[in-house]
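> Numbering (our numbering), first residue to last: 326 to 438.
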Amino acid sequence: MPEYMRRPTGPLSFKTGYAKFAAYFNVDNGGGKIRGIFAQDNATVVPVFEAWLAPFKDLGATTVTMKRTGGTDHQSFDAVGLPGFQFIQDELDYDTRRTTRTWTSSSASRSRT
Numbered sequence: 326m327p328e329y330m331r332r333p334t335g336p337l338s339f340k341t342g343y344a345k346f347a348a349y350f351n352v353d354n355g356g357g358k359i360r361g362i363f364a365q366d367n368a369t370v371v372p373v374f375e376a377w378l379a380p381f382k383d384l385g386a387t388t389v390t391m392k393r394t395g396g397t398d399h400q401s402f403d404a405v406g407l408p409g410f411q412f413i414q415d416e417l418d419y420d421t422r423r424t425t426r427t428w429t430s431s432s433a434s435r436s437r438t
């Protein structure tokens with residue numbers, strides 16, 4: 326079992342809205358431009374995401390990759406059987422000489438040493 330998957334701890338108890346949930350889309354890699362989305366090895370969603378991103382081609386949002394990515398909130402959803410997807414974003418040009426760095430909304434800035 327991949328390390329990002331939920332470890333078996335017993336049966337899950339599902340809340341009322343579980344059956345109505347379609348997907349979770351996550352953007353938490355900073356403020357860079359969105360360039361695409363990770364399909365998380367889910368071939369079924371690739372043509373859907375390609376059509377979805379088509380209107381944004383001129384803005385550079387063109388990549389739909391079958392690859393998985395980790396370290397973001399979408400993994401919690403995947404772990405309980407709800408499809409979660411992470412957007413691909415540009416890395417911002419951070420100046421390593423500065424002492425602050427922008428992160429996600431849950432942590433506005435952190436000091437670097």
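A virtual CB, placed ideally from N, CA and C, is assigned to each residue, including glycine.
Can you tell me which residues form a DSSP beta bridge with residue 371?
DSSP lists no partner for residue 371.
> So the beta strand (DSSP E) residue 439 belongs to, where does it begin and stop?
In the structure as shown, the chain begins at 326 and stops at 438. Residue 439 is therefore absent and cannot be evaluated.
> Count the other C-beta atoms from every protein chain shown that fall within 10 angstroms of the C-beta of residue 405, then say buried if there are 16 or more, exposed otherwise.
It is exposed - the Cβ of residue 405 has fewer than 16 other Cβ atoms within 10 Å.
> Grab the span of the alpha helix (DSSP H) containing residue 402 for me, first residue to last.
Looking at the DSSP string, the run of the alpha helix (DSSP H) that includes residue 402 is 399-404.
> Tell me the DSSP secondary structure of residue 350 in three-state form.
strand
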